[in-house]
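Residue numbers (this note's numbering), protein chains in the order written: chain C, 89 to 415; chain A, 274 to 564; chain Z, 379 to 758.
Okay, structure first, notes after.
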Amino acid sequence: MRSSARTTLAAIALVAVLFAAPQFYRSEYVLALGVSFATFAVLSGALNLVYGYTGLLSFAQVGFFGLGAYAAALLVTERDWSTWAAVAAGGVLAAAAGLAIGYSSLRLSRHAFAIVTLSFALLCMIVARDWVTLTRGAMGIPGLPVPVLGLPGGASWRLAKPLDFYYLLIGYAVLAHAVIYLVVSSRIGRAMRAIKLNEELAQSQGLDPLAHKLLAVTLSAFLTGVAGGWFVFYLTIVDPSVFDFYYTETMLIMVILGGPGSFWGVLASCAVLTVVPDLLRFTTDLRMVLYGFVLIIAMLVLPGGLGGWLERRRLARWRKAATRSRT
Amino acid sequence: MDPTFVLQLVVNGIVIGVIYALIAMGLSLIFGVLEIVNFAHGEFYMLGAMAAYFATTDLGLGYWSTVALVTVGATCVGVVVFEALLGSVRRESFERSILLTLGLSMVLQNGAVFLFTTTPKMVQGSYTYTNIGFAGMQVSVLRLFALGLGLAAFAALYAILYRTQVGRAMRGVSQSRDAAVMVGIDPRAVSRLAVAIGIGMSGLAGAALAPVYAVHPLMGFSFVFKAFAIIIIGGLGNVSGAAIAALALGVLESLIGGFLPQVFVDGLAFGAMILVLLVRPQGLFGRGVRV
Amino acid sequence: MRKLHTAFGAFLLGVLSGLSNAQSSAPISIGSSIPLTGGVSTFGQHSRWGSELAVAEANAAGGILGRKIEIDFQDNRCNPAEAVKSVTQMIADKKYVAIFDGLCSSAALAIMPLVERAEIPFIIANASATAIAEKSGVGGNKWTFKVNPTDASMLDALVTWLMKENKAANIAFLGEDTDFGRAGVSGLQAALKKHNLALASVDFYQKGTADFTTVFAKLRAQKPALLALYAIDADFQNAIRQWYGAGGGIPLTGRVLVDQVPKEIMASGFLDGTTSVQPYDPSIDSPGNKAFVEAFTKKYNTAPILISFESYETTRVLLDAIKRAGSVQPAAIRDALTKTKFPSILGNTIEFDQNNLAHNNAVILGIRGGKVVVLGFSKT
């Protein structure tokens, strides 16, 4: 009880800091970083849910991201939907895609799932580029209108400034993480972890692995799709580069470094990896080479990431305390 | 429908198919023996082409000596990659191996971009502009060379797998690793050889094609995803299945591309793969995905 | 007495150094957002070289308004998300008087709202999307300027030329599936429609495609009168080689990069009969161009391409505007830009219309007798 109260307090403090930060740093650059951090936080958090907690290596996240983005953009520009509804619909569409992919390939094997998710992401990019009558192809859909959101109480919020998008995306990231936290600390979350550790054993205990895996995939797809919708309204343009493999690589590094299955670890590594590369001003090529090395070394030496290492130390200390108390 | 046209499409398709086969067979072999999906496979194809470019331009070597040199070099690189990286990954951690090879691919691809820039490099050789025309069709002589090399490589691989002791050992490990260990096969030695051959074949493809296509650091990226689709269609780990699927894909892509918009060609490989996974998950030729 | 001399000497030195410091302090800063890494980094490199050459020449002539010019480059990877991030960072970092290029259309489109908010002029040298000019100038984004002509206008000039030689009736199109290629198709179709004609067929390939043999076999079987090719970079090299391997037989048109055809193929006469339109060609025989090509080749050990020229000339337009504005206030520079009357190396005067779009000459190029020839210029 004590530690979860501490966690809640820390979480509230963090959220307060994030919302208050723009008052002290009146720089558009900090806001841009904040938006980037919020978006990647949702992406890596969702990937963590699927890969870290449930053990399914999925490359489809970027596909869901772009699917939600294009759906939201098209519904607003072609069908005059309100931005709330369009972004939500984008999330639902992404979730449906996740369900379809998951259901068809999870029955086969994890190998198949990994490769199918990869192909899904590639297929999304190909469709975005080739189906020009729908997506305007490589030219993308520029000039996305300023979202006007209706708030409870009749007021409306015009997101015309980067500050508005900062609040929106940080707010959404907090919400998404709250949802993820609730899921992973509930029975469902424990079931997912059990399935990751040993699927047959979990099944023999009466857990339904397929249902839990599908839940993880669908939920992460929804969260990612909605993030995609908001992100492209911030950019005011959506084009096939939203499916870039670069997003997949970055998300993976964030999860691996932070530790698959470690809620706070992934969040922390996301923050570090959003801010530090910009500070260091490496060229992108060198940065990706560095990420590649980090990935290789992590896989060879430290597969649990930072979160896993901290967890092992905590267990070691607990073990020491337990054996000591026995004597 | 002009028969010469269709024939030209088929001939083109066979050449492309053999190239796909060279890359897919190596990938399939590595998966079969080590159960590792080698994300970096396309990068070795690219490095082979880069090495061929430098060998031809800076060292002035001819086509055949370049191909021989690069193939031998790639095989050695394969041994190094195995010893340094792949040998220590345990079989059960499939995700780890994918991420490991993904990391390797990121290092190689972006490192190449950093070192060599994305400016395309064209290899100029004595054969570059030589064509052979027959029956109203035209084929570049370099493509015929690549076709020949591909067939030779396939024949050599077949000979190794079915006529030698070590090849039999590879097939054994691919069927069941535990049983192979029980009969005294050293899986590590077999794995090392499989990786060496697989990467060697990638390098061979790169060197053979360096004078045909523009050489640049991103050239492996598009091939490798098609190679994944091919090995799923053929059956993961099934080398001859991969070769046949590759050839079929090459010819089909060519025929479809001749009559329909390009978008159908791009989606064909992935569409076929998804279809196979839904209808016949073990691949068209079996010994497919292990659950 | 000696102490006084020393003191006076020190004082003089101090004053002189202080003066020279004031002279060289505070250079005028221009920010450039281009793809330094990623798939089109070659173009980013040439854009950089072009602007750097213009800036170096201006500095060698004493700078502008008595101050040196400096230009900072940030990578946008040809990607709107990167462009927004990097340009936001640039604008927050430092006082730039103008932002340059974008290069890729989607990046430029994403930068446009940023410069409007920051009230800094944005001058585009290379991006091809027609949407850019449509959204700029009167009634739109007043801070964005585009110097390179639209593809639609260049293709209009090309089609008019082809009509004179009676060749426009049966044109097949093959282009890359990007902004650039799609602008080519729509431009050609619009231009042909004016003469009641249409394209015979339209084919796209994905950027990075290595193999064109299938689509070439299909096109040769179709036997159009002309093949409009919209390919760049590695794809262009592959395509030309494979076209040669396939036997050719159909003259090329569109925006063929005649200055990048491999020497052997050019010399063999295989591509004779090609008619292409470009905003520039290094072989243009004018003293201004010769000087530019010579200076560029000397400094960078490679010949300039279209991108390098466009960046060079656009940077000079910007520097001219700063000089005429007489101040480094972005608003003043913007006003000066609207009144630009800059003599282009192509022989025309660069002026901006009410959509902040310039209408420089396009060059109609041909390959005849194994060589590139300038067939004529055309207003866009």
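Cβ coordinates follow ideal geometry from the N, Cα and C atoms, glycine included.
{"Query": "Spell out whether any CB of chain B is found under 7 Å from the CB atom of residue 648 of chain Z.", "Result": "Protein chains in the displayed structure are C, A and Z, and chain B is not among them."}
{"Query": "Excluding five sequence neighbours on each side, which residues of the same chain lie with their C-beta closer than 7 Å to the C-beta of residue 467 of chain A?", "Result": "302, 303, 306, 307, 443"}
{"Query": "Mind listing the chain Z neighbours of residue 329 of chain C? Cutoff is C-beta to C-beta under 9 Å, in chain order.", "Result": "455, 456, 457, 458, 459, 460, 484"}
{"Query": "Using the beta-carbon count (16 or more within 10 Å), is residue 608 of chain Z buried or exposed?", "Result": "buried"}
{"Query": "Which runs of the alpha helix (DSSP H) at least 4 residues long sit entirely within the region 624-653 of chain Z? Give them in chain order.", "Result": "641-645"}
{"Query": "Is it true that the CB of residue 725 of chain Z sits closer than 7 Å to the CB of residue 742 of chain Z?", "Result": "no"}
{"Query": "Cβ closer than 7 Å: which chain C residues qualify as neighbours of residue 557 of chain Z?", "Result": "226, 227"}
{"Query": "What are the boundary residues of the beta strand (DSSP E) that includes residue 478 of chain Z?", "Result": "476-479"}
{"Query": "So, with DSSP's three-state summary, where would you put residue 203 of chain C?", "Result": "helix"}
{"Query": "Taking the Cβ atom as the reference point for each residue, do residue 479 of chain A and residue 318 of chain A lie within a distance shorter than 7 Å?", "Result": "yes"}
{"Query": "Less than 7 Å separating the beta-carbons of residue 421 of chain Z and residue 506 of chain Z?", "Result": "no"}
{"Query": "Along the chain, which unbroken stretches of the alpha helix (DSSP H) at least 4 residues long are found entirely within the region 306-371 of chain C?", "Result": "333-346, 351-368"}
{"Query": "Give me the Cα-Cα distance between residue 655 of chain Z and residue 419 of chain A, rounded to the nearest whole angstrom.", "Result": "36 Å"}
{"Query": "Would you say residue 596 of chain Z lies against chain A (beta-carbon separation less than 7 Å)?", "Result": "yes"}
{"Query": "At what residues does the beta strand (DSSP E) containing residue 503 of chain Z begin and finish?", "Result": "That residue, residue 503 of chain Z, is in no beta strand (DSSP E); it is neither H nor E in DSSP."}
{"Query": "Considering only residues of the region 224-295 of chain C, which uninterrupted beta strand (DSSP E) runs meet the minimum length of 3 residues and lie entirely inside it, listed in chain order?", "Result": "236-238, 244-246"}
{"Query": "Are residue 459 of chain Z and residue 447 of chain Z close, meaning C-beta to C-beta below 7 Å?", "Result": "no"}
{"Query": "Considering only DSSP beta bridges, list what residue 551 of chain Z is partnered with.", "Result": "Z:580, Z:606"}
{"Query": "Label residue 400 of chain Z either buried or exposed according to how many other C-beta atoms from any shown protein chain fall within 10 Å of its C-beta, with 16 as the threshold for buried.", "Result": "With a pLDDT of 42 at residue 400 of chain Z, under the threshold of 50, the predicted position of this residue should be treated as unreliable, though the coordinate-derived value follows. By the neighbour-count rule (16 or more Cβ atoms within 10 Å), residue 400 of chain Z is not buried but exposed."}
{"Query": "Determine, using beta carbons only, whether residue 250 of chain C and residue 121 of chain C come nearer to each other than 7 Å.", "Result": "no"}
{"Query": "Report the neighbours of residue 204 of chain C on chain A: residues whose CB is nearer than 9 Å to its CB, in chain order.", "Result": "505, 546, 547, 550"}
{"Query": "Closer than 7 Å by C-beta to residue 564 of chain A: which residues in its own chain qualify, once you throw out the five before and the five after it? Chain order, please.", "Result": "With a pLDDT of 30 at residue 564 of chain A, under the threshold of 50, the predicted position of this residue should be treated as unreliable, though the coordinate-derived value follows. No residues qualify anywhere along the chain."}
{"Query": "Mind checking who residue 175 of chain C pairs with in its DSSP beta bridge?", "Result": "Residue 175 of chain C pairs with nothing; no bridge assigned."}
{"Query": "Where do the N-terminal and C-terminal ends of the alpha helix (DSSP H) with residue 522 of chain Z fall, by residue?", "Result": "Unbroken run through residue 522 of chain Z is the beta strand (DSSP E), 522-524; no alpha helix (DSSP H)."}
{"Query": "What would DSSP say about residue 167 of chain C, mapped onto helix, strand or coil?", "Result": "helix"}
{"Query": "When Cβ atoms are compared, which residues of the region 521-538 of chain Z fall closer than 8 Å to chain C?", "Result": "none"}
{"Query": "In the region 377-388 of chain C, which residues sit with their C-beta less than 7 Å from some C-beta in chain A, listed in chain order?", "Result": "377, 379, 380, 381, 383, 384, 387, 388"}
{"Query": "Quick check on residue 413 of chain Z: does DSSP put it in helix, strand or coil?", "Result": "coil"}
{"Query": "Could you say if the region 734-741 of chain Z and the region 525-533 of chain Z meet the contact criterion of at least three C-beta pairs nearer than 8 Å?", "Result": "yes"}
{"Query": "Based on DSSP bridge pairs, tell me the residues matched to residue 749 of chain Z.", "Result": "Z:746"}
{"Query": "For residue 413 of chain A, list the residues DSSP reports as bridge partners.", "Result": "A:404"}
{"Query": "Given a cut-off of 7 Å, decide if residue 516 of chain Z and residue 708 of chain Z are closer than it, judged by their beta-carbon atoms.", "Result": "no"}
{"Query": "How many angstroms separate the CA atom of residue 173 of chain C from the CA atom of residue 218 of chain C?", "Result": "27 Å"}
{"Query": "DSSP three-state call for residue 445 of chain Z: helix, strand or coil?", "Result": "strand"}
{"Query": "Which residues in the same chain have their Cβ closer than 6 Å to the Cβ of residue 153 of chain C, if we skip the five residues on either side of it in sequence?", "Result": "312, 316"}
{"Query": "Hey, could you find the ends of the alpha helix (DSSP H) residue 467 of chain A is sitting in?", "Result": "460-482"}
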